[in-house]
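Written out below as structure tokens is the structure these notes cover.
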Amino acid sequence: MKSKSSRKPMDLPLLIITLVLVALGLIAVLSASAPFALTMYDDSYYFFNRQFLFAIAGVVIMFVISLIDYKKYKKIATLGLIVGILLILAVFIPGLGVTRNDATRWLDIGIIKQFQPSELTKIALIVFLAGILSQPKYGELIKNRFWFFLALLGIVAVIGGILLLQPHMSAAIIIAIIALAIMFAAGLKVRYILALVPVAVAGIGALIISAPYRLDRLKYWLDPWLDLQGDGWQLAQSLMAVGSGGIFGSGIGQSIQKYMYLPEQYNDFIFAVWCEECGLIGAILLIVLFIIFIYRGIVIASTCKDKFGSYIAIGITTMIGIQALFNIAVVTGTIPVTGMSLPFFSYGGSSLLVLLASTGILLNISRNCERS
Amino acid sequence: MKIILALFLIIFMVVIIRLIFVQVINGDYYKQKAYQQQTNDTLISANRGTIYDINNQELAISASVETIVVNPPQIKTDEARQKIAKYFSDNYSLDYDTLLATVSKKTQSSLVIMKKVGKEVTDEVRKWISEEKIKGISFIEDVKRYYPYGSLASHILGFCGTDNQGLYGIELKYENYLKGVPGRVVTTKDANSNDLPLESERYINSEDGNNIVLTIDATIQHITENYLSQAIEEYNCLSGGTAIVMRPSTGEILAMSSQPDYNLNDPFTPTDEDVLKVWDNLSTEERVKIRNEMWRNTVISSTYEPGSTFKLLTAAMAVEEKAVDTDKVIYTATGVIRVGGWPIHCWRSYNPHGAQTLAQGLQNSCNPLFVYVGSKIGTTDFYKYLRSFGLMERTGIDLPSESTSTFWEEKSVVPADLAVMSFGQRFEITPLQLITAISALANDGTLMKPMIVKRITDSNGNIVTEYEPTEVRQAVSKETADKLLEYAESVVSLGTGKRAQIVGYKIGGKTGTAEQGTNDDHYVASFVGIAPAYNPEFIVLVTLKDPGDKNNRQGGVLGATTAKKIMSDILSYLEIPMDYDIDAQETNGIKVPDVRTKTITEGMKLLKTAGFNVEIDFDGDKNATSISDQLPVPGTLLKKGSIIKLYAADNDVRVSVEVPSVIGKTAAEAEALLKKVGLNIKISGTGKVVTQDPPSGTNIEEGTVIRVEMDNLTELH
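Those protein sequences? They're chains W and Y, same order as listed.
Under my numbering, the letters of the first sequence match residues 213 to 584, in that order.
Under my numbering, the letters of the second sequence match residues 1371 to 2087, in that order.
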């Protein structure tokens, strides 16, 4: 089965969508970052140039990884998870960890000053969970045993707990959702999940009490103009940018909100600039692209006979899909503000590399997996 | 797995619905919010219109200035902030800590550092900014109101607040015409208030304000203010005084002054030096009170009891109603008259006026006679004429804060009330109301509405509105009015108003010495003058409040003397032709001929033939042959043998001498004293010198005429 001739071509729609997203993302970064780059570095293309190089590198890596048989990862799944956990612990090592806005989420690894290891941990967890659940023995347990569900959840909770210490709640939430999605795909009963709802509510309550700024976030989410100069600033500026776009937008490059009004205008709030410049039409186009991406990912997962491949595919698809969804929901004020970047769009080299690498895995699954 | 896809689809649909809300349904709301924060809406101030006098002299102008502002978000370091604060505190004596606090307000923009400063300052600051590469300081064009004549016509013009809005006077009343329409510049800025270069600016041009041309003549205003403030100082008038000059045929106000006045370029500083000494210790309320008092235009905003000047109006009522005979003796004064049991005394009860006609009653200002006249008119007709003369209503002059009169209710008037009202007591009117009413007598009986604004012009000088004189009503008949002018003339030529006589003119007038209220010892000495009496060009009303010397507070002395000086200067300024040939009248005067266009030889010959002595000042150019100037000026009446000083061409040097004192001297002594230093004399009356003008000690040019007044003026006619 492993002979060259048996290889099918990779999933072309997914590849095209990914390349289109990366290309649009580069345009968006150029437009959104130019004013800040000009002020800070006297070079409008400063951020674009860096992102462009990472995009080229990322696409090469994607193709390389798409050639590596995903089944090889099975052997190193447990080791991968341990490394993944160690990496997110490494940020607490003085001199290695980078603290920004009171959060210690990054590693300084020389060429990349702000490398976010939780990106890799997510992949490691996906591969680990897929590896376990694809074994028939554990595949049965997840369907019938609540304690097994709890045991797996315990592993997720350890990772989530470390992330909360950083603190990095959005990453913790994403990891939880990815884990649930994989387990759900493996046959986890809905009532097991529902049984956890009281625990989740209690947990969220505890989180709010432990860090009151989270409650303020809720308040300013409902009316950002309550504290325009302070905590409401981000969302208010985002809504003004999105609203200014109207149906057709002001045209690429024409955003005014990107002139220091929007925080993280080329990062977490890049979608706001996109909405201002491309309007409702552009926003829906982007959402449709992400939906097609998710659709292709789920098609790959559901047509893959090999459960390991199928679970990895569902994990990666969920990871990218949920980040896109959360980011867009935050920017439009649908959910409270939380730090979440928009896949393929937000500026950030390490993130782009990990995303393209993950897509590479997805493409390899589409190529190597026996289709049903 | 289809469930996962379905969940994604559902949640993405929710997000899309949310997007439709934010971008389409509420899009304009957010767009508006964004626009507000993204744009800088800067006002371009419109030039405030100019206020001119009747001869287009600028009385209030707008000078271009700039306001220096700081944009704190553009200043990045503490060092830079301290540098800015230090510069302005060192060079312009501003407070360092306040400045530093202002510069450090990082969330605000366009904070004022220095308001309305001139070019000298802004040039310096600009130079400093470019040399030191300072960021965050900018300049906003602005205008500052400036009054070239300082305190002149201060109560008429009023002044502006720091935002250029009129606060008093014409500045307030014509605010809407003067202010113009400010323009706007809309620029797009980033969150740190830096202008964005890519966005196109939107300009809306400002529209300059209209100009106001007053009926006021700056020269006449100056003459009036000068003599009024001189009189207040000389007679020590504790409550100041007022003077108005009005043209009766149109109601135009040529001058209006309320003293003490204030400096329009510094209106918040009190002018009274005694007040200024304790100013810093006064409470806010006390300061407000003092300022309001200082800014009050008492000519229109304060009322007083007019006293005997009002008798002209009582007499006019009697003549119009034929209440008394006009050419027979109507009343024999015994010094006191009893009305309803109350005795009313004449001011000269120690020497009663005896049998008098109505004209003689005016000449003597005899109170009992007017009590009699008043009783003949009766309350109903008296009040009818109060209304006809406009005394029961505001005149409607185009100035803010006009007051009106207080009279007893007509129904409640008893004979004793009517008696005192007949000679102008126990009711209050504004000086403007009185002069307006008396002007009707000088305008064939037609009452005119007082006017102070002649026209409004736009910034290009085109006329926007031209104001025409407004007739209010016929107060009395032309015959009555003419009769009263005759009477008024006799008051000056024969009666208590003799000190208002002006050689060459027939002057009408009436004196007034009025008690103010019943308890306090307050007096107003006043005089209303009509010049010339039979062809009235203007009317003057002078009121002097609370003269210091109790033995010298008669309107006939204080008021008439002051009004005479004002009238005399205005008559010559307006070049009003004389009523009679002085040569025939004046035995000791020869008219100085005009030799200014002649050669020196011709001039000397001409002057010597006329009977004058001549002195020529060459100063350097001994060969000069033509005359550049002469002193006294042509037309002056001088005694034979007076000195005429001639200046040779191109000689700007004037010889000045100090005026000696001639007070108490006889006419001959005075003349000799003055001639010794090269000065000429002009004598009014006989006896000994009581006043001289200019006073002793003044330095003036040789040849100037010193006017002296003798103690016996009645001998003139």
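Backbone N, C-alpha and C fix where the C-beta goes; we use that ideal spot for every residue, glycine too.
Below-8 Å beta-carbon distance, residue i vs any chain W residue
| i | result |
| --- | --- |
| V1394 (chain Y) | yes |
| Y1837 (chain Y) | no |
| L1379 (chain Y) | yes |
| G1506 (chain Y) | no |
| M1371 (chain Y) | yes |
| T1557 (chain Y) | no |
| Q1408 (chain Y) | yes |
| T1477 (chain Y) | yes |
Best match in the options for proximity to residue i [C-alpha to C-alpha]
| i | options | result |
| --- | --- | --- |
| G1815 (chain Y) | Y:T1850, Y:R1825, Y:D1828 | Y:T1850 |
| K1920 (chain Y) | Y:D1891, Y:I1909, Y:G1929 | Y:D1891 |
| T290 (chain W) | W:S514, W:C487, W:L250, W:I338 | W:I338 |
| D1644 (chain Y) | Y:T1881, Y:L1634, Y:I1660, Y:G2011 | Y:I1660 |
| P1801 (chain Y) | Y:Q1733, Y:E1577, Y:S1627, Y:E2028 | Y:S1627 |
| N1575 (chain Y) | Y:N1417, Y:D2063, Y:S1432 | Y:N1417 |
| E488 (chain W) | W:C581, W:S422, W:A240, W:P221 | W:A240 |
| G351 (chain W) | W:I510, W:A397, W:A418 | W:A397 |
Proximity test, Cβ basis, 8 Å: residue i and chain Y
| i | result |
| --- | --- |
| V454 (chain W) | yes |
| Y258 (chain W) | no |
| Q441 (chain W) | yes |
| A393 (chain W) | yes |
| Q469 (chain W) | yes |
| A383 (chain W) | no |
| I503 (chain W) | yes |
| K495 (chain W) | The displayed chain sequence assigns Ala, not Lys, to residue 495 (chain W). Closer than 8 Å to some Cβ of chain Y, the Cβ of A495 (chain W) qualifies, so yes. |
| G457 (chain W) | yes |
| I510 (chain W) | yes |
| I499 (chain W) | yes |
| K214 (chain W) | Residue placement at K214 (chain W) cannot be trusted, given a pLDDT of 43 that sits under 50; what the coordinates show is reported in the next sentence. Output row for K214 (chain W): interface = no. |
Residue i - DSSP class collapsed to helix/strand/coil
| i | result |
| --- | --- |
| A1954 (chain Y) | Here A1954 (chain Y) scores only 49 on pLDDT, less than 50, and its place in the model should not be relied on; the value that follows carries that caveat. Three-state result, A1954 (chain Y): helix. |
| P1713 (chain Y) | strand |
| G1536 (chain Y) | strand |
| I1574 (chain Y) | strand |
| Y1519 (chain Y) | coil |
| Y1457 (chain Y) | helix |
| Q1803 (chain Y) | helix |
| V1491 (chain Y) | helix |
Cβ pair residue i, residue j closer than 8 Å
| i | j | result |
| --- | --- | --- |
| L1855 (chain Y) | L1817 (chain Y) | no |
| A1588 (chain Y) | L1646 (chain Y) | no |
| I1614 (chain Y) | Y1943 (chain Y) | no |
| F557 (chain W) | G237 (chain W) | yes |
| F505 (chain W) | K283 (chain W) | no |
| V1709 (chain Y) | A1625 (chain Y) | no |
| T1412 (chain Y) | R1572 (chain Y) | no |
| T1866 (chain Y) | G1611 (chain Y) | no |
Residue i: contacting residues in chain Y (beta-carbon distance under 8 Å)
| i | result |
| --- | --- |
| L661 (chain W) | Chain W is shown from 213 up to 584; residue 661 (chain W) falls before or after that span and cannot be answered. |
| F396 (chain W) | I1373, I1374 |
| L537 (chain W) | F1378, I1381, F1382, V1385 |
| I526 (chain W) | M1371, I1374 |
Partners in chain Y for residue i, counting only beta-carbon separations shorter than 9 Å
| i | result |
| --- | --- |
| M472 (chain W) | D1560, A1561, N1562, N1564 |
| T530 (chain W) | I1374, F1378 |
| C487 (chain W) | L1389, V1392, Q1393 |
Proximal residues of chain W, C-beta to C-beta of residue i below 9 Å
| i | result |
| --- | --- |
| V1384 (chain Y) | A541, T546 |
| Y1519 (chain Y) | The premise fails here: Y1519 (chain Y) is roughly 50 Å from chain W at the closest Cβ pair, so nothing lies under 9 Å. |
Partners in chain W for residue i, counting only beta-carbon separations shorter than 7 Å
| i | result |
| --- | --- |
| K1403 (chain Y) | M452 |
Interface residues of chain Y facing residue i [CB-CB closer than 7 Å]
| i | result |
| --- | --- |
| S514 (chain W) | M1371 |
| Y507 (chain W) | L1375 |
| G533 (chain W) | F1378 |
Neighbouring residues, chain W, relative to residue i (Cβ below 8 Å)
| i | result |
| --- | --- |
| Y1399 (chain Y) | G455 |
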